[in-house]
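I have placed the structure first, in the form of structure tokens, so that the comments after it can refer back to it.
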Amino acid sequence: MPIPFPFSAVVAQEEMKRSLLIAAIDPSIGGVLVFGDRGTGKSTAIRGLAALLPKMRAVDCVYNCDPEAGEDALCAECRTKRAKGPLKSRMVPVPVVDLPLGATEDRVIGALDLERALTKGEKAFEPGLLARAHRGFLYIDEVNLLEDHLVDSLLDVAASGENLVEREGLSIRHPARFVLVGSGNPEEGELRPQLQDRFGLSVEVRTPQDLPTRMKVVRLRDEFERDPPAFVQRWKRQDGKVRSQIQKARDFLPTVDVPDATLEQAGRLCIKLGTDGLRGELTLIRAARAFAALKGDAEVKDAHLVQVAASALRHRLRRDPLDESGSTSRVERAVGELFGE
Amino acid sequence: MSNPAGMPQSEPERPRGESGVSRWEDAVLAAALMSVDPVGTGGVALRSLAGPVRDQWLTIMRDLQPPGTPMRRIPLHVSDGRLLGGLDLAATLSAGRPVAERGLLVEADGGIVELAMAERIAAGTAARLTMAFDSGEVVLERDGLAMRSPARFAVVALDEGVGDDEGLLNALLDRLAFHQDLTHIRVHEAVACDYDADEILAARALLPGIQVSEDQIEALCSTALALGIPSLRASIFAARAACAAAALEGRTEVTEEDLAVAGRLVLAPRATMLPPSEQPPDEPPPPEPEEPDQEQDKGEDQQEPKELEDQVLEAAKAAIPADLLAQLQLGKLRRSRARATGKAGAVQNAPLRGRPAGVLRGEPRAGLRLNVVETLRAAAPWQRLRREEVARFGGQSNRIEIRQDDFRITRFKHRSETTTIFVVDASGSSALHRLAEAKGAVELLLADCYVRRDRVALVAFRGQFAEVLLPPTRSLVRAKRSLASLPGGGGTPLASGIDLGMMLADSVKRRGGTPILIIMTDGRANVARDGTGGRARANEDALSAARLVRSVEITSLVIDTSPRPQQQGRDLAVEMGARYLPLPHADATSLSHAVRAAG
Chain A
1 MPIPFPFSAV VAQEEMKRSL LIAAIDPSIG GVLVFGDRGT GKSTAIRGLA ALLPKMRAVD
61 CVYNCDPEAG EDALCAECRT KRAKGPLKSR MVPVPVVDLP LGATEDRVIG ALDLERALTK
121 GEKAFEPGLL ARAHRGFLYI DEVNLLEDHL VDSLLDVAAS GENLVEREGL SIRHPARFVL
181 VGSGNPEEGE LRPQLQDRFG LSVEVRTPQD LPTRMKVVRL RDEFERDPPA FVQRWKRQDG
241 KVRSQIQKAR DFLPTVDVPD ATLEQAGRLC IKLGTDGLRG ELTLIRAARA FAALKGDAEV
301 KDAHLVQVAA SALRHRLRRD PLDESGSTSR VERAVGELFG E
Chain B
342 MSNPAGMPQS EPERPRGESG VSRWEDAVLA AALMSVDPVG TGGVALRSLA GPVRDQWLTI
402 MRDLQPPGTP MRRIPLHVSD GRLLGGLDLA ATLSAGRPVA ERGLLVEADG GIVELAMAER
462 IAAGTAARLT MAFDSGEVVL ERDGLAMRSP ARFAVVALDE GVGDDEGLLN ALLDRLAFHQ
522 DLTHIRVHEA VACDYDADEI LAARALLPGI QVSEDQIEAL CSTALALGIP SLRASIFAAR
582 AACAAAALEG RTEVTEEDLA VAGRLVLAPR ATMLPPSEQP PDEPPPPEPE EPDQEQDKGE
642 DQQEPKELED QVLEAAKAAI PADLLAQLQL GKLRRSRARA TGKAGAVQNA PLRGRPAGVL
702 RGEPRAGLRL NVVETLRAAA PWQRLRREEV ARFGGQSNRI EIRQDDFRIT RFKHRSETTT
762 IFVVDASGSS ALHRLAEAKG AVELLLADCY VRRDRVALVA FRGQFAEVLL PPTRSLVRAK
822 RSLASLPGGG GTPLASGIDL GMMLADSVKR RGGTPILIIM TDGRANVARD GTGGRARANE
882 DALSAARLVR SVEITSLVID TSPRPQQQGR DLAVEMGARY LPLPHADATS LSHAVRAAG
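Written out as structure tokens, the structure reads:
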């Protein structure tokens with residue numbers, strides 16, 4: 001497997017990095033969509049993040065079940081086992097699973113195990129990518145090019161948190177909760193609205209236009225290409241810092257307080273922008289809380305809301321083709337009016 | 342020597358550019374540099390029709406590869422199975438266990454991939470390719486197989502596009518360091534190659550030791566900025582190309598010469614603008630590009646890199662063709678040749694029409710056609726298991742056991758994706774607000790184009806000629822960007838506008854799409870086809886252009902935008918065989934309704 005470029009060596013693109021960290025701190029936010037210019041390090045940052053996630057505790061089963069999880073978040077096997085006594089678990093890396101374009105449905109949702117069917121004449125379930133991504137990240141590069149029928153299965157599973165397989169005479173149900181991370185370039189086509197809505201945060205990335213930043217990107221990339229292992233070694237400490245930052249923030253998260261005043265402000269902002277449903281508001285609050293945890297702040301303040309507002313809300317605005325300004329500036333305008341920035 | 346078929350007869354091209362290096366030499370140099378560092382440079386986008394010049398280039402490129410280098414050619418409609426790999430059914434059945442078949446991209450690991458008719462490649466196929474590019478491997482999740490296989494290769498994309506609206510997808514173009522155009526190279530020029538495979542090998546050995554200094558990176562980055570190159574990959578490629586150029590010359594350090602090569606071959610073809618204070622290139626000292634961001638970083642010790650940057654910039658500018666230079670200086674943005682194709686999913690899943698585009702699991706119902714071969718393929722691996730199952734229930738089976746899960750249906754690509762082409766009068770008489778309305782209508786149509794799944798293009802005419810402001814696109818983002826600044830005012834070259842709209846419509850048709858032509862004008866032409874003034878001639882030309890539209894049977898609509906509907910507009914519609922719609926107070930919404938009705 002190729003060596004990923006270190007997350008901490010990704011230059012600029014602060015919003016993207018922040019959003020990825022927030023999703024890593026609070027998986028319930030619903031993932032991140034990174035849309036924008038080519039060559040801005042979208043995939044690089046996501047693959048880099050995968051390499052530094054803190055390990056998690058998991059049962060030694062196909063689905064990496066959480067030993068602490070409730071009944072319905074366990075797979076059938078673990079449920080039976082736990083009835084007899086506590087589950088044995090160990091620390092494993094957080095799965096970051098690629099859903100490559102060209103994947104076939106059987107590999108995504110799972111199907112009969114071909115190998116066993118051929119060699120032993122047995123009928124066994126071979127879990128797919130959704131199973132492997134359970135409790136981890138599912139990454140789709142060029143998400144706007146994903147085939148419609150795959151998007152359909154994905155939407156269903158992402159909404160219910162479990163994968164239901166009914167094929168080839170099998171009937172299997174297993175937990176599949178994952179952080180959906182997608183990236184793409186809007187010039188290659190729009191994203192289906194239902195899928196866009198699934199993402200908690202959305203980030204727009206642009207190529208930096210200032211010389212020093214651009215030079216830094218070129219230099220670091222060049223150094224990396226020359227000798228990837230040495231480069232990774234040089235950035236090991238910075239990556240380690242980010243890893244412990246994530247771990248600390250996760251531990252800290254439950255204690256972070258969201259005062260009523262902040263809730264109210266979040267509500268006002270969403271009303272002002274006319275976002276559909278409550279999902280926007282919920283994501284805004286959760287993202288602000290995770291961000292506060294990342295900063296080590298005990299209480300969510302307006303400043304936290306302001307920082308995450310664009311990522312949490314821009315893709316939830318009703319599209320107004322006649323408004324010249326993009327959704328980002330609409331959010332910024334509303335934030336400015338409300339918080340007096 | 343006679344001109345080969347397919348090569349343009351006109352335009353006596355100067356054999357040598359401003360840089361003193363012929364285009365052919367540069368094209369060969371690009372082949373050599375790509376061979377020195379295939380992965381680092383990504384490859385070459387080669388724009389040219391098939392013909393002896395291209396053949397010669399390809400022969401040279403192949404000869405430059407060290408012995409044993411894998412070379413694979415990818416046809417236009419390659420299947421996912423062949424491209425990425427999948428289950429080798431025959432081998433699987435005979436071995437009695439799953440056997441994977443390697444895809445073309447994996448087979449090409451360490452070598453070169455040739456992409457045939459790359460301008461027509463589907464966005465999905467291009468994305469699979471670029472994914473392998475970016476990660477250096479093919480991640481396969483198909484047919485019950487999961488594997489990762491290394492796939493590090495360079496691409497030679499053969500772009501046979503004609504005209505500005507046909508070309509490589511941006512996603513692909515961005516990942517290839519070298520963009521070469523062989524179109525105007527004549528056969529007798531395309532002969533020599535100064536390099537051989539041994540030199541390539543020697544250069545490869547030198548390459549890892551060659552570094553680009555901080556000053557040199559600055560020179561490349563600021564040149565890229567000065568030329569208005571948005572993507573950062575260009576600067577990264579320029580650095581790789583400079584190193585490869587040094588290695589090819591047997592140097593252990595990058596020199597100014599190598600930077601100039603990078604500027605010429607990597608940066609120049611991507612230029613979208615020239616530095617504001619432009620002087621003839623041969624007049625020393627060259628002017629400093631006015632980059633606001635740079636000003637604050639300039640210390641007294643920056644004198645040297647500044648000069649270096651100027652040299653790279655000069656080299657790059659000299660390589661930009663004269664006609665492009667003229668266009669850039671007119672302040673017009675060079676539109677990217679790349680078209681924006683839609684997402685793969687946006688291909689209409691028309692059940693029975695169009696060309697086959699893969700198979701899907703599904704039941705043959707409601708007119709869907711069962712793909713028998715694929716169904717049998719799907720069933721084959723399970724035969725042993727199923728026979729045993731049947732036997733367990735006391736049955737005996739000698740026939741092929743097909744289950745519902747095996748059913749495969751053929752998915753078709755919808756032939757007739759609609760492309761609505763707006764041809765908008767932006768002349769003085771029609772005033773600016775017409776443009777604003779057209780713009781609004783385009784955006785409204787695009788906003789719900791996910792539902793409609795069609796594309797929109799925009800042609801504007803004013804002054805002496807017409808131009809394509811927005812090539813056919815489905816992307817709202819792209820459209821918004823192109824529409825941001827629409828010029829207005831000047832004469833009314835109606836005929837040119839219709840002609841250009843026709844040409845666009847024609848290219849849409851040739852690709853199997855369905856064009857709809859919407860002409861928005863008050864019908865009062867006053868500039869003829871050749872750009873000269875005069876109402877009578879202009880009107881005559883406009884009507885003859887209109888007749889042409891009717892003769893090729895393109896669905897069209899004339900929207901009369903004059904305050905009081907005129908006879909001229911009506912006449913135009915009649916000649917065009919178009920629907921006529923007087924809309925003196927057209928707003929974006931009613932316009933988009935009208936267009937929908939027309940489609």
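Chains A and B are the protein sequences, given in the same order. With the numbering used here, the residue at position 63 of the first sequence is 63, and numbering never jumps. With the numbering used here, the residue at position 71 of the second sequence is 412, and numbering never jumps. Glycine included, each C-beta is placed from N, C-alpha and C at the ideal position.
query                                                                                                                        : result
Inter-residue spacing [alpha-carbon to alpha-carbon] between GLN265 of chain A and ALA580 of chain B                         : 49 Å
Cβ separation of ALA310 of chain A and THR328 of chain A, assumed to be a contact under 8 Å, to the nearest whole Å          : 6 Å
VAL32 of chain A - containing beta strand (DSSP E), residue span                                                             : 32-36
Delimiting residues of the beta strand (DSSP E) encompassing ARG489 of chain B                                               : 486-491
Test: LYS123 of chain A CB closer than 9 Å to a CB of chain B                                                                : yes
Every unbroken alpha helix (DSSP H) within the segment 409-477 of chain B, with a cutoff of 4 residues, ordered by chain     : 421-425, 430-436, 445-448, 464-476
Option in A:THR213, A:ASN163, A:PRO127, A:LYS17 with minimal Cα separation from VAL203 of chain A                            : A:LYS17
Whole-number beta carbon distance between SER903 of chain B and ASP863 of chain B, since they are thought to touch under 8 Å : 4 Å
Members of the segment 43-55 of chain A near chain B, C-beta cut-off 7 Å                                                     : SER43
Chain B contact residues for VAL218 of chain A, given Cβ-Cβ distances below 8 Å                                              : ILE558, LEU561, CYS562, LEU573, SER576, ILE577, ALA580
Residues near SER43 of chain A in its chain [Cβ-Cβ closer than 7 Å; skip 5 each side]                                        : ASP141, SER183
Pairwise C-alpha distance: GLN196 of chain A and GLU337 of chain A                                                           : 27 Å
Neighbourhood of GLU641 of chain B by C-beta, 6 Å cutoff - its chain only, sequence neighbours within 5 removed              : Because GLU641 of chain B carries a pLDDT of 41, less than 50, the predicted location of this residue cannot be relied on, and the following value inherits that uncertainty. Hits under 6 Å: none found.
Minimum C-alpha distance to PRO95 of chain A - residue among A:GLN13, A:ALA24, A:THR119                                      : A:ALA24
Local conformation of VAL966 of chain B per DSSP, three classes                                                              : What the structure shows of chain B is the stretch from 342 to 940, and residue 966 of chain B is not part of that stretch, so it cannot be assessed.
DSSP-derived helix/strand/coil call for ARG214 of chain A                                                                    : helix
C-beta neighbour in chain B for LEU154 of chain A, strict 9 Å                                                                : no
Chain A contacts made by the segment 359-380 of chain B, where a contact means CB separation under 7 Å                       : none
Chain B residues whose Cβ lies nearer than 7 Å to that of ASN185 of chain A                                                  : ALA512
Neighbour-count burial assignment, MET843 of chain B, 16 or more Cβ in a 10 Å radius                                         : buried
Runs of alpha helix (DSSP H) lying entirely within the segment 218-250 of chain A, each at least 4 residues, in chain order  : 228-234
Residue-chain proximity (HIS174 of chain A, chain B), Cβ-Cβ < 9 Å                                                            : no
Pick from A:GLN238, A:ALA249, A:LEU154 that is closest to ARG198 of chain A, judged by C-alpha positions                     : A:LEU154
Alpha-carbon spacing of ARG107 of chain A relative to VAL653 of chain B, whole angstroms                                     : 50 Å
Whole-angstrom C-beta distance between GLY452 of chain B and MET412 of chain B, which should lie under 8 Å                   : 6 Å
Same chain, Cβ closer than 6 Å to ASP522 of chain B, neighbours up to 5 away in sequence not counted                         : ARG388
LEU608 of chain B: contacting residues in chain A (beta-carbon distance under 7 Å)                                           : The premise fails here: LEU608 of chain B is roughly 13 Å from chain A at the closest Cβ pair, so nothing lies under 7 Å.
Reduced DSSP secondary structure (H/G/I, E/B, other) of ARG733 of chain B                                                    : helix
Beta-ladder partner(s) of GLN521 of chain B, from DSSP                                                                       : B:LEU387
PRO86 of chain A burial status per 10 Å Cβ neighbour count (16 or more: buried)                                              : exposed
C-beta neighbour in chain A for ASP484 of chain B, strict 9 Å                                                                : yes
Collapsed DSSP secondary structure at ASN511 of chain B in the structure displayed                                           : helix
Short Cβ contact (9 Å threshold) for ALA58 of chain A with VAL10 of chain A                                                  : no
Spatial neighbours of ALA51 of chain A in its chain, beta-carbon cut-off 6 Å, leaving aside the 5 residues before and after  : PRO4
Length of the line joining the Cα atoms of ASP404 of chain B and GLU598 of chain B                                           : 25 Å
Chain B contacts made by the segment 189-200 of chain A, where a contact means CB separation under 9 Å                       : GLY189, GLU190, LEU191, ARG192, PRO193
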